[in-house]
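Residue numbers are given in the numbering used here: position 278 of the sequence shown equals residue 278, and the series is strictly consecutive.
Backbone N, C-alpha and C fix where the C-beta goes; we use that ideal spot for every residue, glycine too.
Okay, so here's the structure we're looking at.
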Amino acid sequence: MGIIFIFFASILTYCILIIVFGKRAMINEEIKARLEKTKVQANNNNVPYENVPFIERIIKPSIDSFISFFSRILPVSEKEQAELSKQLLRAGMKIKPNDYIVMKLLVVFLFGLAFATYQLTFKINRSLQPVLLNSAYGMIVGYGLMQYMLKRRIRIRKEKMQMQLPGFLDLLSVCVEAGLGFDQAVLYVTGEYPCELSNEFKIVVRDTSLGSTRKEALTNLQDRCDIDQLKTFTAAVIQADEMGITLKNILTAQASNVRLAHKQKVEEQSQKLPVKILIPMLIFIFPVIFIILIVPAALRAMSAIGG
């Protein structure tokens, strides 16, 4: 009984602290939300409100308000937010860390509710213990699924950018050799070669136009992409910029090295194919061959013995 009292007292204290200290932050967030809503309405004055889909008018704003409300009261440290923000940037997800945490908790809760509902609906034993146990299993599954989806998205996006890097650097080196500056060449290539990597370099151009140095913009690019070849390229560009070396030869050499590394990686993957294809052959193809070869002989032998 004492433990239950301490638990509810702790929840009550937490709520009081949130109400007292979070009131000003919530008011500021509401003001920002109203300003953003006013901007959106001003931009969409030509679109009649009745023609906006029901999901855009009702469901999506309600979900966004729900996520924003709970994201303001989550006790998440700045270190965790910074690490999660880095992962979200690498996954290409433009969402705040707190909002993503609320979405993750919502998914975990829904999985737990689904598993508990399954236990109550389709199982004979409907006591409290198996229901809570199934609910815990569902929460674990939901949490693991969200972690897996985030890592999978990061991995797929990283592989895409690795595939796009040789072509991007080839075009960039050609533009610099033609006489364009580095920023103008990046701006031209990003417009002519739309891809994930081009979107990241657009952010570099935007950062430099807003006052950041080229070194800061390229360092942020390294953190967002986390690709070894791209880190080598950006380090070479930063060094050439600091030492006053022309970028023409640097870009040509880097593009050639990246193209060679990409070629070697493709050759390495092609050499792994015979080993990888051996397992499905052993499971699916060889048993069928053995059946085709052995079964007729076995039937003939059985008929000969029976005769």
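Reduced DSSP category for residue i - H, G, I as helix; E, B as strand; rest coil
{"i": "Leu-273", "result": "helix"}
{"i": "Lys-202", "result": "helix"}
{"i": "Cys-195", "result": "coil"}
{"i": "Val-40", "result": "Its pLDDT being 47, under 50, Val-40 is placed unreliably in this model, and the coordinates cannot settle the point."}
{"i": "Ser-173", "result": "helix"}
{"i": "Lys-94", "result": "coil"}
{"i": "Thr-117", "result": "helix"}
{"i": "Gly-138", "result": "helix"}
{"i": "Gly-112", "result": "helix"}
{"i": "Lys-158", "result": "helix"}
{"i": "Ser-212", "result": "coil"}
{"i": "Ala-178", "result": "coil"}
{"i": "Thr-246", "result": "coil"}
{"i": "Ile-289", "result": "helix"}
{"i": "Lys-263", "result": "helix"}
{"i": "Ser-85", "result": "helix"}
{"i": "Asp-226", "result": "coil"}
{"i": "Ser-256", "result": "helix"}
{"i": "Lys-123", "result": "coil"}
{"i": "Gly-22", "result": "A caution first: Gly-22 carries a pLDDT of 47, below 50, which makes its placement in the model unreliable, though a value can still be read off. It is coil, neither helix nor strand."}
Nearest residue (CA-CA) to residue i, options the options
{"i": "Asn-246", "options": "Leu-273, Lys-276, Ser-198, Ser-173", "result": "The identity of residue 246 in the sequence shown is Thr, whereas the question assumes Asn. Among Leu-273, Lys-276, Ser-198, Ser-173, the Cα nearest to that of Thr-246 belongs to Ser-173."}
{"i": "Phe-168", "options": "Arg-300, Lys-104, Leu-251", "result": "Leu-251"}
{"i": "Lys-104", "options": "Tyr-148, Leu-132, Thr-121, Ala-82", "result": "Tyr-148"}
{"i": "Cys-195", "options": "Ile-285, Pro-166, Ala-235, Gln-184", "result": "Pro-166"}
{"i": "Gln-229", "options": "Ser-212, Asn-249, Asn-257", "result": "Asn-257"}
{"i": "Leu-260", "options": "Gly-142, Cys-175, Asp-170", "result": "Asp-170"}
{"i": "Leu-322", "options": "Asn-134, His-262, Tyr-143", "result": "For the chain, the structure presents residues 1 to 307; residue 322 sits outside this window and is missing."}
{"i": "Gln-308", "options": "Ile-227, Val-266, Gln-254, Asp-226", "result": "Within the shown structure, residues of the chain are numbered from 1 to 307, placing residue 308 beyond reach of any answer."}
{"i": "Ala-236", "options": "Cys-225, Thr-219, Arg-224", "result": "Thr-219"}
{"i": "Leu-84", "options": "Glu-192, Val-186, Leu-210, Asp-223", "result": "Asp-223"}
{"i": "Thr-208", "options": "Ala-82, Cys-225, Val-186, Glu-192", "result": "Val-186"}
{"i": "Leu-150", "options": "Lys-86, Glu-78, Ile-292, Arg-206", "result": "Lys-86"}
Buried or exposed (CB count within 10 angstroms, at least 16 for buried), residue i
{"i": "Ser-270", "result": "exposed"}
{"i": "Val-275", "result": "exposed"}
{"i": "Leu-88", "result": "buried"}
{"i": "Val-40", "result": "With a pLDDT of 47 at Val-40, under the threshold of 50, the modelled position of that residue is not reliable, and the figure given next carries that caveat. Exposed, by the Cβ-count rule."}
{"i": "Asn-98", "result": "buried"}
{"i": "Val-266", "result": "exposed"}
{"i": "Ala-178", "result": "exposed"}
{"i": "Val-288", "result": "exposed"}
{"i": "Ala-217", "result": "buried"}
{"i": "Ser-284", "result": "Residue 284 is actually Phe in this sequence, not Ser. By the 10 Å Cβ count, Phe-284 comes out exposed."}
{"i": "Met-281", "result": "exposed"}
{"i": "Ile-101", "result": "buried"}
{"i": "Leu-221", "result": "buried"}
{"i": "Val-295", "result": "exposed"}
{"i": "Phe-233", "result": "buried"}
Same chain, Cβ closer than 6 Å to residue i, five either side skipped, listed in chain order
{"i": "Asn-43", "result": "The predicted model places Asn-43 with a pLDDT of 48, which falls under 50 and marks its position as unreliable; any figure quoted below should be read in that light. Contacts found: none."}
{"i": "Asp-241", "result": "Arg-214"}
{"i": "Ser-303", "result": "none"}
{"i": "Asn-134", "result": "Phe-115, Ala-116, Gln-119"}
{"i": "Leu-309", "result": "What the structure shows of the chain is the stretch from 1 to 307, and residue 309 is not part of that stretch, so it cannot be assessed."}
{"i": "Ile-154", "result": "Arg-90, Ala-91"}
{"i": "Thr-190", "result": "Ser-198, Phe-201, Lys-202"}
{"i": "Val-47", "result": "Annotation note: pLDDT 46 at Val-47 (below 50); position unreliable, coordinate value reported separately. So no residue of the chain qualifies."}
{"i": "Gln-81", "result": "Pro-97"}
Cβ-heavy atom distance, residue i to the ligand PLP, below 7 Å
{"i": "Leu-278", "result": "Among the ligands in the structure shown, none appear at all, so the ligand PLP cannot be discussed."}
8 Å Cβ shell around residue i - same chain, five flanking residues per side excluded
{"i": "Met-243", "result": "none"}
{"i": "Ile-305", "result": "none"}
{"i": "Pro-130", "result": "Gln-119, Lys-123"}
{"i": "Leu-227", "result": "In the sequence under discussion, the amino acid at residue 227 is Ile, which differs from the Leu named in the question. Taken in chain order, the residues that qualify are Lys-158, Met-161, Gln-162, Leu-165."}
Residues of its chain near residue i, where Cβ-Cβ distance is below 7 Å and the 5 sequence neighbours each way are ignored
{"i": "Tyr-188", "result": "Cys-175, Leu-180"}
{"i": "His-262", "result": "Pro-166"}
{"i": "Val-204", "result": "Val-186, Ala-217, Leu-218, Leu-221"}
Cβ contact (3+ pairs, closer than 8 Å) linking the stretch 77-93 and the stretch 107-125: no
Contact between the stretch 195-207 and the stretch 152-163 (3+ Cβ pairs under 8 Å): yes
contact_flag[the stretch 133-149, the stretch 106-114] where n(CB pairs < 8 Å) is 3 or more: yes
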